[in-house]
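Here is the structure we will look at, set down as structure tokens.
In our numbering, the protein residues as written are 115 to 505.
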């Protein structure tokens, strides 16, 4: 290459999952010890059969191959609003929604609408790696709230408020957390929203995994306030909820004014969420609440089984925090990084997971494990590989 590229993107880490999987390029398949994938949070189960049958019947309609309005089809946004009402008690209207290419694009839309280069966003650690990567590319400074092991990764609102400066545009919160799995309590979410309101900034709330909170309870009451859009920007993904990760089914919810400005970026960035994805979302939000509940219970069982076996005495790895989709563990290499521990697990034990440092600075002692790809019957054997890890 004979031309320069952006210094901002040069400084950004490589995509972590691709890096980890590259370590296995020369690994020969071992039928006696198959690879255990705890790397990517992708549901191993397929979409509901009735959903795929419904989509198959639509494919002959030429309209399915056309653009939709930038923000998404009105009937789809109405269906999503109805689901927000069932889950959150929200009185939401379609003008407060933009359907996006996954929650990742919803995050980009939110940031380019909210921030200028040089602005700041408060990011609690450990952070979902795509968020700081995106901020760095945009020239927006992530201001990190250090990880507090004693709080289990739940951010302290008072500590967050102390980080606010005149350049702060938002507090970012991912709950349930990716990578720890921890669910931020509703009262803490309410406190963080109060901080945002007092300081005249936004709370950007990413709830990609909200449909997997144990018990299925309402995550918070922020949407009960008819003026919720004054200080709240909400990111949602239907990819995990309906096992549609490849369909890239996301959503940005905010005030009508904010969505109006975000659509300027939407038109230049993606134009619209694909119609086939929108039809999949509409079918899901209209028909699959019971199916979603069954999968939530299944993922909870996976997590509970893994946790019960992993925390038995004698494991050199220690569980720091966990939730339905993830576990955040401390590895036993006293002088080693998370990258070194993850590479050794991949090569020596046939387990792939992500090193802690990809989730932010100072997190070298940790690893993230994801439960999307591991079924109940494989969990005891996987845990035994951790327990047998040679120091």
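Glycine included, each C-beta is placed from N, C-alpha and C at the ideal position. Note that the structure is a prediction, hence the values are computed from the model and not measured.
Which term fits residue i, buried or exposed, when burial requires 16 or more other beta carbons within 10 angstroms of its beta carbon?
i           : result
residue 115 : exposed
residue 440 : buried
residue 119 : exposed
residue 207 : exposed
residue 482 : buried
residue 504 : exposed
residue 242 : buried
residue 159 : exposed
residue 408 : exposed
residue 364 : buried
residue 255 : buried
residue 490 : exposed
residue 321 : buried
residue 448 : exposed
residue 142 : exposed
residue 382 : exposed
residue 224 : buried
residue 378 : exposed
residue 455 : buried
residue 334 : buried
residue 80  : As displayed, the chain neither begins before 115 nor continues past 505, which places residue 80 out of reach and without an answer.
Which residues in the same chain as residue i place their Cβ atom closer than 6 Å to its Cβ, once the five residues preceding and following it in sequence are excluded?
i           : result
residue 413 : 326, 438
residue 402 : 162
residue 342 : 336
residue 436 : 295, 421
residue 238 : 259, 269
residue 452 : 469, 470, 471, 478, 480, 481
residue 168 : 397
residue 487 : 151, 158
residue 466 : 134, 151, 153, 460
residue 231 : 253
residue 278 : 313
residue 559 : Outside the shown range of the chain, which is 115 to 505, sits residue 559, and nothing can be said about it.
residue 405 : 162
Report the partner residues of residue i according to the DSSP bridge assignment.
i           : result
residue 442 : 435, 482
residue 469 : 481
residue 195 : Partner(s): none; residue 195 has no beta bridge.
residue 212 : 366
residue 284 : 235, 316
residue 256 : 235
residue 151 : 466
Could you tell me how far apart the beta carbons of residue i and residue j are, in whole angstroms, since I believe they sit closer than 8 Å?
i           : j           : result
residue 369 : residue 164 : Incorrect: roughly 35 Å between the Cβ atoms, too far for contact.
residue 284 : residue 303 : That belief does not hold up - the Cβ atoms of residue 284 and residue 303 are roughly 14 Å apart, past 8 Å.
residue 187 : residue 380 : The Cβ separation is near 14 Å, so there is no contact.
residue 229 : residue 373 : Actually they do not touch by this definition, with Cβ atoms about 16 Å apart.
residue 349 : residue 217 : 5 Å
residue 520 : residue 227 : No information on residue 520 is available, as it lies outside the stretch 115 to 505 that the chain covers here.
residue 257 : residue 389 : That belief does not hold up - the Cβ atoms of residue 257 and residue 389 are roughly 39 Å apart, past 8 Å.
residue 234 : residue 166 : Not really, about 44 Å apart at Cβ, beyond 8 Å.
residue 394 : residue 356 : 7 Å
residue 293 : residue 431 : Going by Cβ atoms, the distance from residue 293 to residue 431 rounds to 15 Å, so no, they are not a contact pair.
residue 203 : residue 332 : 7 Å
Verify the contact flag: residue i, CB atom, against every heavy atom of the ligand ADP, threshold strictly below 8 Å.
i           : result
residue 187 : The ligand ADP is not part of the structure shown, which contains no ligands of any sort.
I'd like the list of long-range same chain contacts for residue i, defined as Cβ closer than 7 Å, with 5 residues on each side in sequence excluded.
i           : result
residue 307 : 317, 336, 345, 346
residue 145 : none
residue 274 : 236, 259, 285, 306, 309
residue 251 : 122, 123, 126
residue 297 : 289, 290, 327, 437
residue 433 : 421, 424, 425, 441, 443
residue 457 : 137
residue 428 : 501
residue 247 : 126, 127
residue 263 : 434
Might you give, ordered along the chain, the residues of its own chain that have their beta carbon closer than 8 Å to the beta carbon of residue i, omitting 5 neighbours on each side?
i           : result
residue 117 : none
residue 502 : 463
residue 399 : 193, 194, 196, 197, 352
residue 385 : 181, 184
residue 493 : 416, 419, 420, 423
residue 199 : 205, 206
residue 330 : 407, 410
residue 265 : none
residue 476 : 239, 260, 261
residue 131 : 153, 154, 468
Any alpha helix (DSSP H) of 4 or more consecutive residues that is wholly inside the region 360–398: 370–383
Of all the beta strand (DSSP E) runs that stay within the bounds of the region 312–366, which reach a length of 3 or more residues? 316–320, 346–351
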